Structure formats: C-alpha cells, structure tokens
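Those letters in the sequence shown? Residues 105 to 460, per my numbering, in order.
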Amino acid sequence: MSEQKISVAANPAASSPAPAAAQKHRVDPLAIIVRFQSLIGLVLVAIGGVIFSPRRHGEILFLNPDNIANIVRAVSETGIIAIGMTFVIITAGIDLSVGAVLGLSAVVTATMMISGGFGLIPTILAVLAMGVVFGIVQGAISTRFRLEPFIVTLAGLQAARGLALIVSGNQYINISYGDGPGLAPPVFAVLGERLFDNTVPVATIVFIIFAAIATLVLNTTRFGRYVYAVGGNERAARISGVPVSMVKISVYAITGFASALAGIVHAGQFNFGSANDGMGYELTAIAAVVIGGTSLFGGAGSMVGTVAGTIMLGALANILQLNNITPATQLLATAAIIVLAAVLQSLVRRREGLGR
Numbered sequence: 105m106s107e108q109k110i111s112v113a114a115n116p117a118a119s120s121p122a123p124a125a126a127q128k129h130r131v132d133p134l135a136i137i138v139r140f141q142s143l144i145g146l147v148l149v150a151i152g153g154v155i156f157s158p159r160r161h162g163e164i165l166f167l168n169p170d171n172i173a174n175i176v177r178a179v180s181e182t183g184i185i186a187i188g189m190t191f192v193i194i195t196a197g198i199d200l201s202v203g204a205v206l207g208l209s210a211v212v213t214a215t216m217m218i219s220g221g222f223g224l225i226p227t228i229l230a231v232l233a234m235g236v237v238f239g240i241v242q243g244a245i246s247t248r249f250r251l252e253p254f255i256v257t258l259a260g261l262q263a264a265r266g267l268a269l270i271v272s273g274n275q276y277i278n279i280s281y282g283d284g285p286g287l288a289p290p291v292f293a294v295l296g297e298r299l300f301d302n303t304v305p306v307a308t309i310v311f312i313i314f315a316a317i318a319t320l321v322l323n324t325t326r327f328g329r330y331v332y333a334v335g336g337n338e339r340a341a342r343i344s345g346v347p348v349s350m351v352k353i354s355v356y357a358i359t360g361f362a363s364a365l366a367g368i369v370h371a372g373q374f375n376f377g378s379a380n381d382g383m384g385y386e387l388t389a390i391a392a393v394v395i396g397g398t399s400l401f402g403g404a405g406s407m408v409g410t411v412a413g414t415i416m417l418g419a420l421a422n423i424l425q426l427n428n429i430t431p432a433t434q435l436l437a438t439a440a441i442i443v444l445a446a447v448l449q450s451l452v453r454r455r456e457g458l459g460r
C-alpha cells in the first residue's frame, strides 16, 4: 500500500505542479503582439500604403523610390531623438526637453559658423558637448533632489527655448556656404544631400549609424544591462551594486547628445537655425519609442522596435498626406495609435501580475 503511494507521488504525470508549470510557461498571444507591435504595425501600414496610395500612370506613388526617400529623410531627426529617448524610457524616465535642445543646437550651430567664424569640426564638437552637458544637468537635478523627470525636463524645455531665443535674437539664422567670413564650410551642406545615385539622404545614414551604435551599447555592454536593471527594479539594482544615479544621469546625457546631433542635422538639411526648430518633436519621439514596444513602466524595450516605430509613424503620415488628409486627422490617428500601444502594454502587465 505504501509502495503504491510512493510510486504515484514520484510519477511526474500524476503530480499537481506539472499542469501549473505548463500553464505558467504557456505562450501569451497578447504578449507576443506587444513585443513585436512595431514590426506588425509597420507591415500593416505598408500594406495600407499600397492599398490606399494614389496611382499615377499605373504607378503606386507610395512605393515610388523618391517617396520612400522622403519618408526616411522626414523621420531622421525625430528618429535620432527617439534612439536617445529609448534609453531614458527603459529606465522609467522621460525627457520633454529634446525638441527644444534640437532648436538650441541648430541655432548655436548656425551662429558659430556664420557669426563666430568657427570651422566644421570645432562647431560640431562644441554643439554635441553642449547637448551632453544639458542632459547631465537635468539628470543630476532629477537624481540628486529626487524630482520627477517630467518636471525637471519640462523646465529644461523652457530653458533651452529661452537660450535659443537669446542666441538667435528671435531671428532665423540663415546658413550660406563659402570660404570667406560669414560663410559656413561647404562640406556642411552634405547633410542636405542624397548619396547612392541620389536616393539615400545623408540624414538617414546618420540616423542608421546612430541606431546601430545605440543597439550595440544597449544589447552588448554592461551599461546596457544596467539600464534594463534600473528600469526593471531600481531598488534591486541598487542592492546588486548597480550605480543607479550614474546610470540615470548617463541616459539623460545620451538624450542630450542625440538632440544636439539632430539639431546639427536639422541645420544642415534646411540651411538655417531657429529657436522654434524642433517644436513638438519630443511628443513624436516618445510616440515612436512607445509604439516600438518600449515599456513606459521601464525595464523593457529595444532599438529595433524604436526604429520600426519611427518609420511606421513617418509612413502613416505620408499615406495620409498622399490622400490629402488634413494635419488634424494625422494628429488624431497618431494619438489613437499611442493610446492603443499603451493599453496593450498595460494589459500585458496585468496578466503578468505586475499591476498598474
């Protein structure tokens, strides 16, 4: 009798934990959708673009090479910012100053070359350093005084706009090229050109290179693991020896760098700098990151998703423009997609028992 009981208990098929374990490891379709939502969305938008695109002489305008180049060029600046924003949001932070820092960087870039007579390399290094310092200051204030990043970076937005107005005198600073005083180095104009048989915008190449570097940093370095750890559970990360404060400050330095880089690209593409440049870019960048699958609660996200989310938003805007849909409707469509992405994230967290 006792031997029979022992044999039954030893049989894995007869023990109760097995069904529970199987249930625990059951694949959640909703979690898979959220994980690949940006790629799924990009495919759906591309299909919609083909279906609803106007035709000209039998050609689908959405698939025209020039139109594709326009899409990727249009999203390059916000894409660069979104790459930096991904680091911040993975740590459960936010940065609202990125668009204003882009405007400040574009103004400083134009001013240094046109009014200051600085060369290309000193200008680029100075502007990038300015962006990094701006991000470090915001990260340090938020971390040191335990202030919400929303409040600190909202103040940073105002500060950057104010500095841009002071530097520019509230005027457009046009960039003309040449070798004399008051002229920018002609090589800077390359940022507004296209390579490879006039098809690939240089701004897009900058975006792709920056995205590739950021992907390597996030996925293959100790710093990248620290970023995920801080966003996943800050208290546990601190106990494990992760320099939480340094990681938080560093991610804001990265967004500052990304915003400054986008400002340089902006000035090179449009040949001017203005304090109003980049207005609203922070919302587009955040939308691309969230649509890309990065959790607003921190601890999860990817650069591939952010790139896909960025291109998806650009393609959607392009389709609506090709069909003469008003900008107001474009904003409403983007807002609906953001809400849908956030709702899906929340549902997955509830299913996983993480709350909120």
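C-beta: ideal position from N, C-alpha, C; glycine also.
Remember, it's a predicted structure, so these values are computed and weren't measured experimentally.
Which residues in the same chain have their Cβ closer than 8 Å to the Cβ of residue i, if we skip the five residues on either side of it in sequence?
| i | result |
| --- | --- |
| F314 | I184, I187, A362, L365 |
| Y385 | E181, T182, I185, V202, G203, L206, A366 |
| I309 | L299 |
| L444 | none |
| N274 | A379 |
| V231 | S209, V212, T213, M216, A364, G367, I368 |
Per DSSP, what are the beta-bridge partners of residue i in this structure?
| i | result |
| --- | --- |
| Y356 | Paired residue(s): none; Y356 is not in a bridge. |
| P305 | R298 |
| F376 | N278 |
Which first and last residues belong to the alpha helix (DSSP H) in which residue i is found?
| i | result |
| --- | --- |
| I240 | 224–248 |
| V452 | 431–455 |
| F269 | Residue 269 is actually Leu in this sequence, not Phe. 253–272 is the extent of the alpha helix (DSSP H) around L269. |
| G335 | 326–336 |
| T388 | 385–395 |
| V205 | 202–218 |
My output table needs one value for residue i: the three-state DSSP class, helix, strand or coil.
| i | result |
| --- | --- |
| L287 | coil |
| G413 | helix |
| L401 | Reading the sequence as shown, one finds Phe at residue 401 and not Leu. The answer is coil: DSSP assigns F401 none of H, G, I, E or B. |
| N323 | helix |
| G367 | helix |
| I198 | coil |
| N422 | helix |
| G183 | helix |
| G188 | helix |
| V346 | coil |
Given residue i, which residues of its chain have a CB within under 7 Å of its CB, disregarding the five upstream and five downstream residues?
| i | result |
| --- | --- |
| G286 | I218 |
| G152 | I423 |
| T227 | T213, M216, M217 |
| I441 | I395 |
| L267 | L208 |
Using C-beta distances below 6 Å, list every residue in its chain close to residue i, excluding the 5 sequence neighbours before and after it, in chain order.
| i | result |
| --- | --- |
| I137 | none |
| T319 | M407 |
| G336 | G403 |
query = Going along the chain, which unbroken runs of the alpha helix (DSSP H) with 4 or more residues stay wholly within the region 124–180?
reply = 133–139, 141–156, 169–178
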